[in-house]
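These notes concern the structure reproduced below.
Numbering (this note's numbering), first residue to last: 4 to 756.
So this is what it looks like as structure tokens:
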């Protein structure tokens with residue numbers, strides 16, 4: 004056995020290991036510092052804005068996307084941000100112009116029923132009423148349409164602007180110079196005008212934008228929820244012992260803070276005094292509170308439930324785990340999914356094709372249509388321009404990604420980008436590390452065996468009494484078990500530690516020795532009665548310590564790295580979903596075989612080096628496997644980076660997390676099954692959105708062009724086209740938002756204790 008002093012370095016590693024977990028994001032995610040602009044002032048989100056459809060567009064001020072014309076959104080939404088200025092602008096224009104639209108439509112549709120010869124100057128009346136709707140209500144559309152032409156990036160605003168302007172300008176000409184309009188373009192003794200079509204298109208487009216902007220605002224709910232967790236104040240303990248409540252921005256590294264029962268932990272830190280159960284479910288998804296004692300780490304925004312804690316501040320502001328999670332979620336939400344490339348390729352040519360179809364519709368009906376053929380051609384061409392707006396196509400995947408990453412964050416799953424979400428569902432082979440992944444990663448009491456004439460409980464009590472002065476992990480495991488059993492420990496005297504052998508001391512006036520076989524030989528204690536049991540325990544990977552009392556062999560205590568309680572359930576779920584599980588560990592082959600046997604893992608590899616793990620992943624990939632690698636240490640980093648999907652345990656090192664595509668905040672393998680289910684649901688949702696957008700346009704454009712007129716005798720009115728265009732975008736967003744609450748077809752598992 005290794006004696007306690009030999010493990011001092013390992014004990015320090017346990018603490019630094021946790022420290023690195025809290026530091027990892029600072030090295031793996033760039034945090035935008037606030038920028039100060041002479042005109043804009045200071046923006047806490049870094050004054051960066053991006054387009055939800057084209058995340059490559061980044062601007063340091065609000066505006067519109069030069070590609071699609073959509074309003075730019077903050078990269079990082081603020082918790083206290085008010086209503087979208089664009090939403091307020093569209094709402095104001097909608098309600099001001101709606102009464103005029105209703106009147107114009109009423110005159111156009113019903114005036115001839117009461118005055119068969121038509122109202123005097125009806126065209127001029129409609130012109131007067133519709134002009135504010137078109138010239139003021141639609142002003143943002145025309146501005147965005149003009150920008151699309153200047154930027155050589157035709158988009159939905161190009162089509163809407165063309166459709167509205169065509170209907171309105173034609174009507175103006177028909178009003179002020181009716182002699183220029185062919186007779187077949189007239190009805191009821193006057194030239195036909197389409198003021199009501201232009202006005203209704205504007206009103207419906209404004210309504211559609213209002214609904215869309217409201218729905219889009221919900222996609223940032225996850226980030227706002229995370230931001231809302233952060234406490235606003237902290238109770239600082241001064242050097243004189245006095246306490247005061249201060250703003251969280253005034254807390255510095257090294258400050259002593261008190262966290263009372265029912266309060267949130269203000270910053271990341273270390274417990275210095277007190278003990279309490281802390282609810283970390285808001286960050287990890289794990290509902291069971293975690294007991295915190297002096298030396299343990301606490302995370303900002305977690306809830307202190309029942310005891311008072313004094314903590315020392317270690318991470319503040321953008322360096323806290325919560326802040327880094329927010330940054331990771333925002334980064335993933337604004338990334339582009341591979342599936343989006345299809346939509347981008349189609350949209351790139353879409354507008355030009357639609358304009359050509361609209362012109363062909365106009366000319367085709369004008370030359371070969373029946374009756375008032377040019378009138379039909381004009382109306383149908385406008386309908387084509389309106390119904391074919393590609394907004395739904397562009398929103399199909401970004402909205403799904405934003406909703407899915409937000410939901411994943413609430414379950415303790417952090418995706419690095421959209422590509423990771425899409426790739427996760429394809430994984431069919433899972434390579435897992437052992438220590439810290441399948442197992443707890445730190446020593447824990449296994450069992451105690453007593454020699455003849457000794458009681459097992461007394462063996463444990465004596466060993467814990469001797470070890471209670473040590474801070475070594477092996478000693479801590481023994482003392483923790485004794486205290487769990489509520490044993491009364493005795494004080495030790497004449498404590499000595501012998502490097503590589505063990506420890507000795509006096510307990511209740513008896514000489515006690517705890518260590519390896521060499522120490523037992525020195526004490527004259529014969530360990531043969533339990534030699535076979537000791538060998539069996541070592542083959543299973545346990546560390547065995549012998550106890551001698553007054554030079555008589557009393558028994559042995561085994562300490563091992565236990566399998567996590569959640570691991571069997573997690574592996575069963577992963578196998579059920581069709582994954583092949585392979586274990587690769589640096590531990591000995593005997594230990595690997597023992598753990599693999601307990602977990603039912605058929606293929607395992609022991610004594611593997613970092614290079615061996617990397618080669619294992621590459622070999623599986625050459626066999627056509629889609630490989631995910633799960634690990635938590637520096638030695639796992641090369642394999643994590645090479646795997647199709649690298650999955651890092653959030654309790655691991657910063658290097659591992661930086662190399663991975665997915666991070667499990669809690670370090671619970673059950674989250675892999677949840678991540679895979681969410682990947683499947685997200686890709687299915689994106690495909691539904693894309694299919695809807697394609698089918699909508701595939702059916703809508705021919706309908707608008709009037710191809711069904713010979714069969715039905717009906718045209719698709721431009722007004723109906725405008726309504727369908729608006730509702731298509733809203734339906735895509737609404738379908739994406741279903742991911743925030745799971746899906747009926749395949750509900751996502753919820754964390755269990």
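Just so it is clear, CB atoms sit at the ideal spot from N, CA and C, and this is done for glycine as well.
- With respect to residue 411, residue 667 sits apart: the two C-beta atoms are not nearer than 7 Å.
- Apart from the 5 residues on each side of it in sequence, residue 628 sits with its Cβ closer than 7 Å to the Cβ of 431, 432 in its chain, given in chain order.
- Around the beta-carbon of residue 371, fewer than 16 other beta-carbon atoms lie within 10 Å, marking it exposed.
- In this structure, DSSP gives residue 250 an extended state, which the three-state scheme calls strand.
- In this structure the stretch 200-209 touches the stretch 89-103; the number of beta carbon pairs closer than 8 Å is three or more.
- With respect to residue 169, residue 387 sits apart: the two C-beta atoms are not nearer than 7 Å.
- Residue 259 is bridged by DSSP to 240, 315.
- Taking all protein chains shown into account, residue 139 has fewer than 16 neighbouring C-beta atoms within 10 Å of its C-beta and is therefore exposed.
- DSSP places residue 182 within a helical segment (H, G or I) once states are collapsed to three.
- In this structure, 462 is the residue among 66, 101, 156, 462 with its C-alpha nearest to the C-alpha of residue 551.
- Residue nearest to residue 263 within the set 306, 533, 283 is 306 (criterion: CA-CA distance).
- Put simply, of 160, 491, 270, 646 the residue whose alpha carbon is nearest the alpha carbon of residue 354 is 160.
- In the same chain as residue 593, and ignoring 5 residues on each side of it, the C-beta atoms closer than 6 Å to its own belong to 542, in chain order.
- When rounded, the separation of the alpha-carbon atoms in residue 109 and residue 369 is 28 Å.
- DSSP, read as helix, strand or coil, puts residue 378 in helix.
- Counting other Cβ atoms within 10 Å of its Cβ, residue 688 reaches 16 or more and is therefore classed as buried.
- Under the Cβ criterion (8 Å, minimum of three pairs), the stretch 434-443 does not count as touching the stretch 464-473.
- Counting the other CB atoms within 10 Å of its CB gives residue 149 a total below 16, which places it among the exposed residues.
- Around the Cβ of residue 586, a 10 Å sphere holds 16 or more other Cβ atoms; the residue is buried.
- When C-beta atoms of the stretch 644-651 are compared with those of the stretch 616-634, three or more pairs fall below 8 Å, so the two segments count as touching.
- By the criterion of a C-beta distance shorter than 6 Å, residue 517 is surrounded in its chain by 466, 469, 505, 506, 548, 550, once the five residues flanking it on both sides are discounted.
- Rounded to whole angstroms, the gap between the alpha carbons of residue 704 and residue 391 is 6 Å.
- The alpha carbon of residue 620 has as its nearest neighbour, out of 609, 605, 641, 300, the alpha carbon of 641.
- Distance from the CA atom of residue 55 to the CA atom of residue 702, rounded to whole angstroms, is 26 Å.
- Within the stretch 65-145, the runs of alpha helix (DSSP H) at least 4 residues long that lie entirely inside it are, in chain order, 88-117, 125-134.
- For residue 469, the enclosing alpha helix (DSSP H) stretches over residues 459-470.
- The continuous beta strand (DSSP E) containing residue 549 extends over residues 546-552.
- Taking the CA atoms as reference points, residue 554 sits about 25 Å from residue 484.
- Counting only runs of at least 4 residues, the stretch 501-579 fully encloses the following alpha helix (DSSP H) elements, listed from N- to C-terminal order: 520-526, 534-542, 570-579.
- DSSP, read as helix, strand or coil, puts residue 629 in coil.
- Check the Cα spacing between residue 272 and each of 178, 639, 589, 325: the tightest is with 325.
- Note on residue 154: under 16 other CB atoms within 10 angstroms of its CB, so exposed under the neighbour-count rule.
- According to the DSSP assignment, residue 450 belongs to the beta strand (DSSP E) that extends over 447-453.
- The beta carbon of residue 401 lies closer than 6 Å to those of 55, 56 in the same chain, with the five residues before and after it left out.
- Sequence-distant partners of residue 601 (beyond 5 residues in either direction) whose C-beta falls short of 8 Å from its own C-beta, in its chain, are 566.
- Between residue 319 and residue 254, the gap from beta carbon to beta carbon is short of 7 Å.
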